[in-house]
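I have placed the structure first, in the form of structure tokens, so that the comments after it can refer back to it.
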Amino acid sequence: MQSLKMQHHALPVGGGALARQASEPGRASLSDSGDAFVRFSDIQKTYDGEALVVKNLNLDIARGEFLTMLGPSGSGKTTTLMMLAGFEVPTQGNIFLEGRSIQNVPPHKRDIGMVFQNYALFPHMTVEENLAFPLKVRKLAKAEIETKIKCALDLVRLGAHGKRRPGQLSGGQQQRVALARALVFDPKLVLMDEPLGALDKQLREQMQLEIRRIHEDLGVTVVYVTHDQGEALTMSDRIAVFSDGVIQQIAAPAELYERPQNAFVAQFIGENNRLHGKVVAMNGATCKVEIPGAGNVQALVVNVEAVGLPTVLSLRPERVRLNPAPGSLPNVFSAQVAEVIYLGDHVRARISVCGQDDFVIKLPNSEGLVQLEAGAAITIGWTAEDCRALEPS
Amino acid sequence: MATVAVQVAGGSDGIPLRLKLQRVEHRRTLGAFTLVLPVVLFVLIAFVWPIGRMMFNAIHDDTLLTLMPRTTSALSAWDGKDLPNEGAYAALVEDLKQSWAQKTTGVIAKRINYELPGAGGQLTFSARKVSTVSAGSYKAALIEVNPLWGQHDIWSVLKRGHSAYTGYYLLRSIDYQYGAEGQIVASPPQNAIFRDVFLRTFGISLGVTAATLLLGFPVAYLLATLPARTSNLLMIMVVLPFWTSALVRTAAWGVLLQDHGVINDVLIGLHIISRPAELIFNRVGTVVAMTHIQLPFTLLPIYSVMKTISPSYVRAARSLGAGPFYAFWKVYFPQTLPGVAAGCLLTFILCLGYYITPALVGGPADQMVSYFVAHYTNEDLNWGMASALGAILLAATLLLYYVYNKLVGVDRLKMG
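Protein chains in written order, with the working numbering: chain A, 1 to 393; chain B, 1001 to 1416.
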């Protein structure tokens, strides 16, 4: 997925991913990416005829890609998935699979495997009968069905459980069966709707790696929906961050974390400190932002347009350095520790700085205990590159 | 090992752990028992005891034993081949005299009539004349008073009266009776009606159950899948008749179905038929009215099961390549079966006991077992027959319930 570099969201480029906001006109560049495996073209969806759940969605998914739709509940990600599966009909726009519109193709003819949130394993059938279901529908020969079932069960490491009923399996095992069932008939595309939501944390992390391994082994295209950012970062080739029916940013995990394009993405992916200010000078890639009552901050220009406009500075807690050497960093401020929380691998501190008292810093617990106490006066600093000036949302 | 030690030795106070647990549990059990005690007493007094007592009547009848004690005891030694000996006739004379004096002859005659139609009258006649019979040959004298006493089968009946327990009523209920020699024979055709009645009862119940299932299943599906606001409205329409008495609804069907009722008038007015169709006082009227009353009983358990079936099952089936009907039939329908079984069982069992509806909108050939139970209880005052018919119906119901429990499991029975 190296080729799928995140593009500035206002400048979609052919061959890769593109996601544009509803306000942006023009779709000429779309025609360049004619080889997209799945394409959402100008999709709108409303349930009540008033509010749009999905607003003008344009999204291309490459063959073999693991794409995650990430967003809070009600952001339109599950609706988008259901439209792809065929259970919801777009109010406007068209969805293409391998270049052909699937507008009038019923769900059972789309050849799309799906894993549901609550697994939806048929309770009155054994595991094997569940797996045989899509194969029997396709009228495969009995011997072939048996071979495929065995392969699928081995794939999810459940070879010995074929004769059991779903109710006799643990949550993790049911999840694996659901996964096997969605893969057993070699679908073109596999959709997963928050499949790990019901599992406990440890099992969830194990299953994330499992799904990732299966995806790599089979090379199948996966569209995955979740509201868990950790899950999205672990598994995906690309992540589409949904909010309010619009894709806010679509990028590879590292890109998304390191270079969020707007305040929502910065806030939603990982932890984030926000400083509100006004641009006072632009200097190529960097700018100077005045924080009222605190002074000026050097920041990276991301999407602020001009001097005089308000901006939100986004700064990751782990990028803040404690007691920097004088002159080593462009941004140095004195602060006061309000609260210290010991978390084992790191120490988290809430400090007052720049007129804000909810500023969080994270200090790795790598060289003995960090000496911080509530009420202590400290100095903190950060580079201009780590501090991103974003358009306020 | 530590746990084992504690279990054996108990806590610091030396009381074994098991005993402590029992004490705590005992207190809780007592509390629970106090809560259910009133209803247990109510059920025992108002349900179990009267029904048990009634069932007992089906096999217990001591009329002859108490009212003709001398005769029945004299006959206990009778071999049943020839006519009894002189002693039995003497005892009979004594018993008849006593019954005439105590005015219990009618009761005895009625009991004799069950098994030997017409013999009761002759017995009453004999009892009136018996004062003229004096010592000597009681046998010849009695046979002269009435030839009945020269017949074998009356003595056979009286001999069976020596036992307070009789299989007569149960046998009659399945069209058997005792022959002259005390053997079990098929009832004569004019008495052999009960197998037909039971078959009819099961047939009508089965038909009504099937009709409610066919009508109710689609409605239950709609109710379970529609958005809440619409389904609530529909639900009110389904349960509204539920709140009206069955008697009122049956009477309403009378208005609709009679020869010059709404339905016939409309059909004639539209020139679809020229003469009124016979819709009432026959099987059609019975089944239609019963189906109407039973519909919610079948529908609601199905609905409540359907409510619990997530729409994602059918979606999963569709995404796996199944067409809409295949997905419904292979994935959705099997999951509704506990509800279908519960609803059908409920309706079938309730139908078995129907009385008022067949009585009001059915013809003579549509009367079910309950009609005969009521008839024997209220008109014939033959409680033995009423109890025997009821007992067989109850046994059939319990058998059905047992089969259901084996097949589906009562714990999956859901109402409303």
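Backbone N, C-alpha and C define an ideal beta-carbon position, used for all residues, glycine too.
Give me the chain B residues within the contact set of residue i, using Cβ-Cβ distance strictly less than 7 Å, ordered along the chain.
i                      : result
residue 124 of chain A : 1334 and 1335
residue 112 of chain A : 1319
residue 134 of chain A : 1320 and 1321
What whole-angstrom Cβ distance do residue i and residue j have, given they're in contact under 8 Å?
i                       : j                       : result
residue 374 of chain A  : residue 338 of chain A  : 6 Å
residue 1184 of chain B : residue 1170 of chain B : At roughly 11 Å, the Cβ-Cβ gap does not stay under 8 Å, so residue 1184 of chain B and residue 1170 of chain B are not in contact.
residue 391 of chain A  : residue 304 of chain A  : 6 Å
residue 115 of chain A  : residue 182 of chain A  : 5 Å
residue 1178 of chain B : residue 1165 of chain B : Actually they are not in contact, since the Cβ atoms of residue 1178 of chain B and residue 1165 of chain B sit about 14 Å apart, beyond 8 Å.
residue 1097 of chain B : residue 1130 of chain B : 6 Å
residue 70 of chain A   : residue 267 of chain A  : The pair is not a contact, with the Cβ atoms about 13 Å apart (cut-off 8 Å).
Between the options, which lies nearest to residue i when the distance is taken from Cα to Cα?
i                       : options                           : result
residue 1216 of chain B : B:1327, B:1367, B:1169 and B:1298 : B:1298
residue 351 of chain A  : A:327, A:359 and A:345            : A:359
residue 289 of chain A  : A:327, A:384, A:239 and A:135     : A:384
residue 1054 of chain B : B:1017, B:1084, B:1401 and B:1388 : B:1388
residue 1124 of chain B : B:1109, B:1117, B:1135 and B:1137 : B:1109
residue 223 of chain A  : A:60, A:52 and A:66               : A:66
residue 1286 of chain B : B:1358, B:1397 and B:1393         : B:1358
residue 1138 of chain B : B:1095, B:1333 and B:1040         : B:1095
residue 443 of chain A  : A:161, A:322 and A:287            : The displayed coordinates of chain A run from 1 to 393. Any statement about residue 443 of chain A would go beyond what the structure contains.
residue 1225 of chain B : B:1112, B:1307, B:1355 and B:1076 : B:1307
residue 1161 of chain B : B:1082, B:1071, B:1103 and B:1133 : B:1071
residue 981 of chain B  : B:1059, B:1115 and B:1155         : Past the boundaries of the shown model lies residue 981 of chain B; chain B is included only from 1001 to 1416, so the question cannot be answered.
residue 263 of chain A  : A:249, A:255 and A:254            : A:249
residue 78 of chain A   : A:97, A:60 and A:45               : A:45
residue 1317 of chain B : A:137, A:336, A:372 and A:213     : A:137
residue 354 of chain A  : A:363, A:335 and A:366            : A:335
residue 310 of chain A  : A:282, A:199 and A:90             : A:282
Kindly indicate the opening and closing residues of the alpha helix (DSSP H) around residue i.
i                       : result
residue 1204 of chain B : 1194-1225
residue 180 of chain A  : 171-183
residue 1040 of chain B : 1017-1043
residue 264 of chain A  : 263-268
residue 1092 of chain B : 1086-1102
residue 1335 of chain B : 1333-1352
residue 1392 of chain B : 1383-1407
residue 1123 of chain B : 1119-1129
residue 1309 of chain B : Neither: residue 1309 of chain B is in no alpha helix (DSSP H) and is coded neither H nor E.
residue 156 of chain A  : No alpha helix (DSSP H) holds residue 156 of chain A; DSSP gives it neither H nor E.
residue 379 of chain A  : Here residue 379 of chain A belongs to no alpha helix (DSSP H); instead the beta strand (DSSP E) covers 377-382.
residue 1072 of chain B : 1069-1075
residue 1325 of chain B : 1324-1327
residue 132 of chain A  : 127-137
residue 978 of chain B  : Beyond the ends of chain B as shown, which are 1001 and 1416, falls residue 978 of chain B; an answer cannot be given.
Starting from residue i, find everything on chain A with Cβ-Cβ shorter than 7 Å and list it in chain order.
i                       : result
residue 1331 of chain B : 122
residue 1353 of chain B : Per Cβ cutoff of 7 Å: no residues; residue 1353 of chain B is ~33 Å from chain A at best.
residue 1323 of chain B : 108
residue 1312 of chain B : 116, 118 and 120
Below 9 Å on C-beta distance, what does residue i contact in chain B?
i                      : result
residue 85 of chain A  : 1315, 1318 and 1319
residue 181 of chain A : 1316 and 1320
residue 37 of chain A  : Within 9 Å Cβ-Cβ: nothing; residue 37 of chain A doesn't reach chain B, min ~18 Å.
residue 185 of chain A : 1320 and 1321
Where does the unbroken beta strand (DSSP E) through residue i begin, and where does it stop?
i                       : result
residue 1060 of chain B : No beta strand (DSSP E) holds residue 1060 of chain B; DSSP gives it neither H nor E.
residue 388 of chain A  : 387-390
residue 83 of chain A   : Premise fails: residue 83 of chain A lies in the alpha helix (DSSP H), 77-85, not in any beta strand (DSSP E).
residue 364 of chain A  : 356-364
residue 353 of chain A  : 346-353
residue 96 of chain A   : 92-97
residue 1133 of chain B : Unbroken run through residue 1133 of chain B: none, as it is neither H nor E.
residue 342 of chain A  : 331-342
residue 66 of chain A   : 66-70
Just to make sure I have the definition right: I need the residues of chain B whose C-beta is within less than 8 Å of the C-beta of residue i. Which are they?
i                      : result
residue 283 of chain A : Those within 8 Å of residue 283 of chain A in chain B number zero; the least Cβ separation is about 54 Å.
So is the beta-carbon of residue i under 7 Å away from any non-hydrogen atom of the ligand ATP?
i                       : result
residue 1155 of chain B : In the structure shown, the ligand ATP is absent, as is every other ligand, since no ligand is present at all.
Which chain A residues are close to residue i, counting only those with a beta carbon under 9 Å from its beta carbon?
i                       : result
residue 1326 of chain B : 108 and 137
* To do: Would you mind listing the alpha helix (DSSP H) stretches within the region 1252-1288 of chain B that are 4+ residues and don't spill past its ends, in chain order?
  => Runs of alpha helix (DSSP H) with 4 or more residues, each lying fully within the region 1252-1288 of chain B, are found at 1262-1269, listed in chain order.
* At what residue ranges does the region 1140-1196 of chain B contain a whole run of the beta strand (DSSP E), taking only runs of 3 or more? -> Taking only runs of at least 3 residues, the beta strand (DSSP E) segments lying wholly in the region 1140-1196 of chain B are 1176-1178 and 1184-1186.
* **Entirely enclosed beta strand (DSSP E) segments - the region 32-59 of chain A, minimum 3 residues** => Those beta strand (DSSP E) runs which fall completely within the region 32-59 of chain A and span 3+ residues are 38-46.
* Asked: What are the complete beta strand (DSSP E) segments, minimum 3 residues, inside the region 236-323 of chain A?
  -> 238-243, 246-251, 273-283, 286-291, 295-301 and 310-315
* Going along the chain, which unbroken runs of the beta strand (DSSP E) with 3 or more residues stay wholly within the region 205-240 of chain A? -> Segments of the beta strand (DSSP E) lying fully in the region 205-240 of chain A: 221-226.
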